Structures are given as structure tokens and as C-alpha cells.
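Chemist: This is the structure I have questions about; it appears just below.
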Amino acid sequence: MKKILIGIVIIVNCLMASCTGIEEEAPRPKGVQMDYILYPPSELNAQERLYLEEREAEYRELFNK
Amino acid sequence: MKKILISALIFCLLLSSCSEFLDLKPYGRTIPKTADEFSALLHKHLGDIDYGTDAVIVGNASNVTAYACYADNLDASLTEKDFRKVLPNYIGTRINSFQGLYRNLYSRIRDCNIIINRITEADKSTSKGQEVLATAYTMRAICYYSLIQHYCEPFEKGSSNDQLGVPLVESFDMEARPLRTGLQNVINFVIDDLKKAIDLNISKEEYRFTVDVSKAYLARMYFWAEDWTNAIAVSKEILSKHPLISGEAYVTMLTDRYNKKGNVLLRSYIFPGTSDLSYESVESQIKHRPASKDFVDLFVEKEADIRYELSFNSVRQNQKNPCARVRSAEFCLIIAESYAHLGGKDAESLEWLNKLRENRISPFVPYTMFNLPKVDPDYIIKKDAEDKNLTSLMYAIITERQKELYMEKDRFFELKRNGRPTFWVGANGLKYVMEKFLYTTPLPKSDIDIVNGLKQNKGY
């Protein structure tokens, strides 16, 4: 009889604990990546690199005037 | 045996009461109820604007500078080496921060909803109740306007009902999980809120969002939604009450750090506070990213244009206070552009464009249809808001706006409204491309995961 009672208590407790668990966990899934990752920047090609260098040189000249 | 049985039952009962406790909703005890409590709720947000700690509703110096970095007025490729990690190369560097902005905007909307839904009829008949209600309507409308600008694709006439809007939350309900409604629905909601605020006709400056501020946002909303006729009508009302100013008064209006002067209707930083240090820090940081040569070259009249020396110095370092403002010049430009879109109204459009220019340039030569500047084939914007190729008139209006509202959190949204041009910046040998989809920022990933059916924007 004692064993049956203990069994009932354990089962009821387990059921309630699992229900509470569902209630707590449902709103926010765990282990989810929270941020967005964009495509990584690409390498500048030779033409683009030259264009930037010209602009930098032009600005340096302005700054040093 | 009986004792064991009773203790087991009591134990089970205790557990069930614990479960009940978890179901309790705490908000029932904390929601404000009176006009005074509602006023306190609003003043927290108004205080943030006044002290420059608000980066959500109007925007502070740090926020304005970030948006300047996302656009093309500054040359990100020329950023000094030590500041490349401080100043974002392009919007992609900070794309995830927009998840926080989304949540913050909805938290302001929640507070406004509490006021709008719960204010009593008795309070509505008092002046304080009306002030609180009008402020809540305007603040909610501004938040939705900002959500439209950030999280929705640019308005497209004819398909705005099918374009994705944002979830419309009209009342305070913690359990609700609304989905995105059509863009036109959200626009109608903003217009409706602003009209309700205007009807309440609040002029008390203490609440910041006076009837003129509500009208200003109504004009902005009509303009964004390409309702040119209404944008003109409301903008004219604003300008008749707050005319353009020029000369010393104009300089004082833009350089004054903490006073609402001239025709400024709303601005951040009314009182110096703890954020003052961050203001100074931002001002010094932005000097390490020069203005782009293309932008500087738009000032054809050079020093004869009062904005030239107000904007940058001889080495193209920023000189203008980074500050988000709502002021009359924007509405003059809204009228000029709206007339240009209407067709057959070029004379009216020129008239309003010249009104602005005569207050900024001395000596001033008015534009006619024959002396308008030719469209620069290298200009970053190629298409106007209606997806048409730029005319000389439209080019003149858009570039005038670029000069007038520099460092006022405008240019990024202008690029978005006018064709979302792609451009790239170089840093550390890498190429960062401002792709079209980046003009529309992402909804929080957690919301997409939790709310079934909530659609994310393209590209994320």
C-alpha cells in the first residue's frame, strides 16, 4: 500500500513538473541564434583599390595644404 | 496509513497552488490609472528626449551620427585608421542593433496603448487628460512611422495594400501575438492617430508633441505615402505658422546646443545632462570621417551659401551639431517635391525651392526651368520616389534637401525613399556593399521564432 501511495505521489509530481516545464519553456526556444549574419565583405579588386588610393591621396593633399 | 495519505494529498495540493502562482499576471497591480500617473509615464520618455538619452523616438547625437555613417554624405573609406572600429563602415556593421530598436519602439507603443485604452471619460474632459491623450496618440503615431521607415519596404503606389507592414498593436495584451498587416493599414493607422491628436489641439510645450508637431508628422506620413496633395496642404499650414528664417537667426537655430530656437518644432537636447559627455565624444569622433567630396561639391555657391561653413571646414571635417530636429525647411522641401511629382506644377515647385534657397544663399539667383543644374550622371540617386528617372528639377530638390538636412537623420531615409541605391565602401582592403535589402532592417529573430506566421524581411 505504501509503495502504491509513493508511486502515485511520484507520478503526480512528475506530471505537474513536466507541465510547468512546458509552460516555462514555450515562449523562448533555447539555443537559438539571436543575431543575423550578413555575407562577409569581399576583397577589393585592383580597380577598386586604385580608385580608393586616388581618393586617399587627394584627401591627404587637401589636409596637408 | 491515513496520515501518509493526507500528507501526500496536501503535498499535491501545495504543488497545484505553485502552478497557480505561475499563472498570475503581475501587470494588474502596476498599470497606471489616473491622468497624473499617465503623465508620469509619458514624462519618462519626454525626459529622455530632453536630455538626449532617447535613441528611439527622436534620436540623440550618437544615433544621428550612426545614420550619417550608414548614408553617403560622409566618406567612410577615408575614415582615420584608429576610428574604423568606432564608426560603422556601413549599416551592415550594426544590422543586429535594429532588433533592439524594434523592441524599444513597441515598448513605447505599449505605454501609449495603456494610456489610450485606459484613460477614463472623466479624465478626458480635463485639460491634463486631453494633453496626456494627445501626446500618447502622437507618440504612438511617431513610433509606427519609424517602424514603417525601418522595417517596411519603401511605399509603392498601387501595391501598398499587399506590401508588408508591421504588427498593429492597438491595445495592451501580453498574450497577443499579432502578425504583420498590410503597409497601407499601418499608414492609415498613423494618419488616424495624428488626426485625433490634432483634434485635441494641444499647444502646451511641456508635452513636446504639440499640435504643430502632430501636423509635422502628418505631413511626413503623407509624403512617405506619396499622398502629394495632402502633404502640400499640411506643410503649408506649418510654414504659415513657422516661416523660414535666414542669416544669423538660422545659424543660431542650428548651432544652439540646448535651446529650441527659430522654427524648430521638436528636437532632442533641451537640457544639458549626463549625456553631454557622449555628445562631445560623438562630435569629436565624427571629425575623423570627412564629408565626401561629392557632397561638398554640391555647394556650388561655396561660402555664399550659409550652410557651407556651417556644415564642414576646409578639410571637410564636420562642423554641424548632429541633432535630430523637426523644422520648417523640411516642409518647404516637401512642398517643392510634392508639386514636382504632381506634374504640370513645375512653376509652383520652383517657387518653393527658391523660397528656401533665397533664405540660404546670398547673393541669390533664382532657379528657372532654364538654369536648373544638369543631373550629374554619377549622382548616387538615379530614380525618384515614383521610380522615374531624375529630372533636373527633382535633382535640384533632392540635392537641396541633402544640403539642408545634413546631420539631421534624414539622408539615409532619403536614399531609401528614392530607389535604394547600392554603393560600397572600402576598409582594410575589404569591400562593404550597401545592398538594396539592407535599407529595410530585420525584425528580431526571437519574434520570428516565437510567433508562428510572422514574416521576416527579405535578405535576412
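Keeping their order, the protein sequence lines are chains A and B. Under the numbering used here, the first sequence has 23 at position 23, and the numbering climbs by one with no breaks. Under the numbering used here, the second sequence has 144 at position 79, and the numbering climbs by one with no breaks. For each residue, glycine too, the CB sits at the ideal point set by N, CA and C. From a predicted model like this one, the values you see are computed outputs, not experimental measurements.
Using the C-alpha atoms, what's the distance from A/ASP35 back to B/GLY518?
Modeler: Counting from 1 along the second sequence, the entry for residue 518 of chain B is found at position 453. Counting from 1 along the first sequence, the entry for residue 35 of chain A is found at position 35. Answer to the nearest angstrom: the Cα atoms are 19 Å apart.
Chemist: Can you check which of these residues, B/TYR373, B/ASN138, B/ASP147 and B/VAL121, is closest to B/ASN493 by C-alpha distance?
Modeler: In the second sequence, counting from the first residue as 1, residue 493 of chain B sits at position 428. Selected option, being the one with the closest Cα: B/ASP147.
Chemist: Residues of chain A with CB under 7 Å from B/GLY157, in chain order?
Modeler: Locating residue 157 of chain B in the second sequence gives position 92, counting from the first residue. What B/GLY157 touches in chain A: LEU38.
Chemist: Please go through the same chain and pick out, in chain order, the residues whose beta-carbon is closer than 6 Å to the beta-carbon of B/ASN141, but skip the five residues on each side of it.
Modeler: Within the second sequence, numbered from 1, the residue matching residue 141 of chain B stands at position 76. According to the sequence shown, residue 141 of chain B is Ala rather than Asn. If we look at B/ALA141 and ignore the five residues flanking it on each side, its Cβ neighbours are ASN154 and VAL490.
Chemist: Taking contact to mean at least 3 C-beta pairs separated by less than 8 Å, is the region 394-404 of chain B in contact with the region 293-305 of chain B?
Modeler: At 8 Å Cβ cutoff, the stretches touch.
Chemist: With B/SER333 and B/ASN138 assumed to form a contact (beta carbons below 8 Å), what rounded beta-carbon distance in angstroms separates them?
Modeler: Here residue 333 of chain B refers to the residue found at position 268 of the second sequence. Here residue 138 of chain B refers to the residue found at position 73 of the second sequence. About 19 Å separates the two Cβ atoms, so there is no contact after all.
Chemist: Where DSSP assigns a beta bridge to A/SER42, which residues make up the other side?
Modeler: Locating residue 42 of chain A in the first sequence gives position 42, counting from the first residue. B/LYS496, per the DSSP bridge assignment.
Chemist: Return the CA-CA distance between B/TYR504 and B/ILE213, expressed in angstroms with no decimal places.
Modeler: As a working mapping, residue 504 of chain B is identified with position 439 in the second sequence. As a working mapping, residue 213 of chain B is identified with position 148 in the second sequence. If you take the alpha carbons of B/TYR504 and B/ILE213, they lie about 12 Å apart.
Chemist: Excluding the 5 residues flanking B/SER104 on each side, which residues of the same chain have their C-beta closer than 6 Å to its C-beta?
Modeler: Looking up residue 104 of chain B in the second sequence gives position 39. Cβ within range, chain order: VAL197.
Chemist: Just mark A/PRO41 as buried or exposed, buried being the case when its beta carbon has 16 or more other beta carbons within 10 Å.
Modeler: Locating residue 41 of chain A in the first sequence gives position 41, counting from the first residue. Label assigned to A/PRO41: buried.
Chemist: Could you compute how far the alpha carbon of B/GLU145 sits from the alpha carbon of B/ASP370?
Modeler: Taking the second sequence and counting its residues from 1, the one referred to as residue 145 of chain B is at position 80. Taking the second sequence and counting its residues from 1, the one referred to as residue 370 of chain B is at position 305. Cα to Cα, the separation comes out at about 28 Å.
Chemist: Alpha carbon to alpha carbon, how far is B/PHE336 from B/PHE237? Give it in angstroms, no decimals.
Modeler: The count along the second sequence starts at 1 and reaches residue 237 of chain B at position 172. The count along the second sequence starts at 1 and reaches residue 336 of chain B at position 271. So the alpha carbons of these two residues sit roughly 32 Å apart.
Chemist: Could you list which residues in chain B have their beta carbon closer than 8 Å to that of A/LEU44, in chain order?
Modeler: Here residue 44 of chain A refers to the residue found at position 44 when the first sequence is read from its first residue. Listed by position along chain B, the residues whose Cβ is nearer than 8 Å to that of A/LEU44 are GLY491, GLY494, LEU495 and LYS496.
Chemist: DSSP on B/LYS269, reduced to helix/strand/coil?
Modeler: For the purposes of this step, residue 269 of chain B is taken as residue 204 along the second sequence, with counting starting at 1. If DSSP states are grouped into helix, strand and coil, B/LYS269 belongs with coil.
Chemist: So that I know if they touch, is there some Cβ in chain B lying closer than 8 Å to that of A/LEU50?
Modeler: If you number the first sequence from 1, residue 50 of chain A lands on position 50. Taking Cβ atoms only, chain B never reaches closer than 8 Å to A/LEU50, which makes this a no.
Chemist: Among residues of its own chain, excluding the 5 on either side of B/VAL251, which ones have a beta-carbon nearer than 7 Å to its beta-carbon?
Modeler: Counting from 1 along the second sequence, the entry for residue 251 of chain B is found at position 186. Cβ neighbours of B/VAL251 beyond the five flanking positions: TYR209, ILE213, GLY230, VAL231 and LEU233.
Chemist: Measuring only the C-alpha atoms, how far is A/VAL32 from B/LEU319?
Modeler: Reading the first sequence from its first residue, position 32 is the one you call residue 32 of chain A. Reading the second sequence from its first residue, position 254 is the one you call residue 319 of chain B. Low local confidence applies: a pLDDT of 45 at A/VAL32 is under 50, so the model's placement there is unreliable, with the coordinate-based value given in what follows. In a straight line, the C-alpha of A/VAL32 is about 46 Å away from that of B/LEU319.
Chemist: For B/ILE207, would you say it is in contact with chain A, using Cβ-to-Cβ distances shorter than 8 Å as the test?
Modeler: Here residue 207 of chain B is taken as the residue at index 142 of the second sequence, counted from 1. Taking Cβ atoms only, chain A never reaches closer than 8 Å to B/ILE207, which makes this a no.
Chemist: Hey, would you say B/MET472 sits closer than 8 Å to B/ALA133, going by beta carbons?
Modeler: Here residue 472 of chain B refers to the residue found at position 407 of the second sequence. Here residue 133 of chain B refers to the residue found at position 68 of the second sequence. For the 8 Å CB-CB criterion, B/MET472 and B/ALA133 form a contact.
Chemist: Is B/ALA530 helix, strand or coil when you go by DSSP?
Modeler: No information on residue 530 of chain B is available, as it lies outside the stretch 66 to 525 that chain B covers here.
Chemist: Please state whether DSSP places B/ASN253 in a helix, a strand or coil.
Modeler: As a position in the second sequence, residue 253 of chain B is number 188, starting the count at 1. Helix, per DSSP.
Chemist: Return the CA-CA distance between B/LEU283 and B/ALA296, expressed in angstroms with no decimal places.
Modeler: As a working note, residue 283 of chain B is residue 218 in the second sequence. As a working note, residue 296 of chain B is residue 231 in the second sequence. For B/LEU283 and B/ALA296, the distance between alpha carbons rounds to 8 Å.
Chemist: Are there 16 or more other CB atoms within 10 angstroms of the CB of B/THR185, so buried, or fewer, so exposed?
Modeler: Looking up residue 185 of chain B in the second sequence gives position 120. Exposed.
Chemist: Under 8 Å between C-beta atoms, does B/ILE75 make it to chain A?
Modeler: On the second sequence, position 10 is the one that residue 75 of chain B refers to. It does not: the Cβ of B/ILE75 has no partner Cβ on chain A nearer than 8 Å.
Chemist: Is the Cβ of A/GLU61 closer than 8 Å to any Cβ of chain B?
Modeler: One-based indexing of the first sequence puts residue 61 of chain A at position 61. No, because no Cβ of chain B sits closer than 8 Å to the Cβ of A/GLU61.
Chemist: Per DSSP, what kind of secondary structure is B/ALA389 in: helix, strand or coil?
Modeler: Locating residue 389 of chain B in the second sequence gives position 324, counting from the first residue. Three-state result, B/ALA389: coil.
Chemist: With respect to the alpha helix (DSSP H) encompassing B/VAL231, which residues constitute its N-terminal and C-terminal limits?
Modeler: Position 166 of the second sequence, counted from the first residue, corresponds to residue 231 of chain B. Where B/VAL231 is concerned, there is no enclosing alpha helix (DSSP H), although the beta strand (DSSP E) it sits in stretches over 229-232.
Chemist: What's the gap between the Cα of B/SER393 and the Cα of B/PHE477?
Modeler: Position 328 of the second sequence, counted from the first residue, corresponds to residue 393 of chain B. Position 412 of the second sequence, counted from the first residue, corresponds to residue 477 of chain B. In a straight line, the C-alpha of B/SER393 is about 20 Å away from that of B/PHE477.
Chemist: Rounded to whole angstroms, what is the Cα-Cα separation between B/THR158 and B/ALA100?
Modeler: On the second sequence, residue 158 of chain B is found 93 positions in, with the first residue counted as 1. On the second sequence, residue 100 of chain B is found 35 positions in, with the first residue counted as 1. Roughly 43 Å separates the two Cα atoms.
Chemist: Applying the criterion that 16 or more other CB atoms from any shown protein chain within 10 Å of the CB defines a buried residue, is B/TYR135 buried or exposed?
Modeler: Reading the second sequence from its first residue, position 70 is the one you call residue 135 of chain B. Answer is buried; the Cβ neighbour count reaches 16.
Chemist: Counting only beta-carbon separations shorter than 8 Å, does B/VAL391 have a partner in chain A?
Modeler: The residue labelled residue 391 of chain B in the question sits at position 326 within the second sequence. Contact with chain A is absent for B/VAL391, since none of that chain's Cβ atoms lies less than 8 Å from the residue's Cβ.
Chemist: Given a limit of 7 Å on CB to CB distance, which residues of the region 131-146 of chain B reach chain A?
Modeler: SER142 and LEU143
Chemist: Near A/ARG55, what residues of its chain come up, given a Cβ to Cβ distance below 7 Å and the 5 sequence neighbours on each side ignored?
Modeler: As a position in the first sequence, residue 55 of chain A is number 55, starting the count at 1. Excluding positions up to five away in sequence, the list is empty.
Chemist: Taking the alpha-carbon of B/GLY165 as reference, which of B/ARG390, B/LYS520, B/PRO509 and B/THR130 has the nearest alpha-carbon?
Modeler: Residue mapping note: residue 165 of chain B aligns to position 100 of the second sequence, counting from 1. Closest by alpha carbon: B/PRO509.
Chemist: For a contact defined as C-beta to C-beta under 7 Å, what are the partners of A/GLU54 on chain B?
Modeler: By 1-based counting over the first sequence, the position of residue 54 of chain A is 54. By Cβ distance, chain B contributes nothing, its closest Cβ being about 11 Å from A/GLU54, past 7 Å.
Chemist: Candidates B/SER457, B/ILE96 and B/LEU265: which alpha carbon is nearest B/SER190's?
Modeler: Reading the second sequence from its first residue, position 125 is the one you call residue 190 of chain B. It is B/LEU265 whose Cα lies nearest to the Cα of B/SER190.
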